[in-house]
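Remarks on the structure that follows.
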Amino acid sequence: MSHPHMYSLCCKHVGKMVRLTCHDGKVYTGKITRVTPRHVWLEPTGGLGGFGYGYGYGYGYGRFGFGVPIALAAIGGFALASAFFW
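Note that numbering that gives the first Met the number 0 has the sequence shown beginning at 0, numbered continuously upward.
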């Protein structure tokens, strides 16, 4: 998926639970809290999960969004997380 497509897809799902698969095989599940043309911020669900301490980013607060930023260029797959929790 191209960056503009991924950006618009993420913008449409702000506030929703999603599962993102990166090109390196890592999978992140969380609620989208903010989207910029370069990053999507996810609020992790149920503890750190795939957001272990070695991830290297940390958390953002306030008007900058809450969660862990993931580069749009790194995302290879996008799915609504509700599809996985029936």
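Beta carbons are placed, not taken as given, at the ideal position from N, Cα and C, and that holds for glycine. Since we're looking at a predicted model, the values are computed, not measured.
Assuming residue i and residue j are in contact, meaning their beta carbons sit under 8 Å apart, how far apart are those beta carbons, in whole angstroms?
i: Gly24; j: Glu42; result: Contact flag wrong, Cβ pair sits at about 22 Å.
i: Pro68; j: His38; result: 4 Å
i: Leu19; j: Gly76; result: 7 Å
Identify which residue in the options has its Cα closest to the Cα of residue i.
i: Ala70; options: Arg33, Ala80, Lys15, Ala78; result: Arg33
i: Met16; options: Thr35, Gly75, Gly66, Ala72; result: Gly66
DSSP state of residue i, grouped into three classes?
i: Phe77; result: strand
The alpha helix (DSSP H) spanning residue i covers which residue range?
i: Lys11; result: 2-11
If you follow the beta strand (DSSP E) that residue i is in, where does it begin and where does it stop?
i: Gly29; result: 26-34
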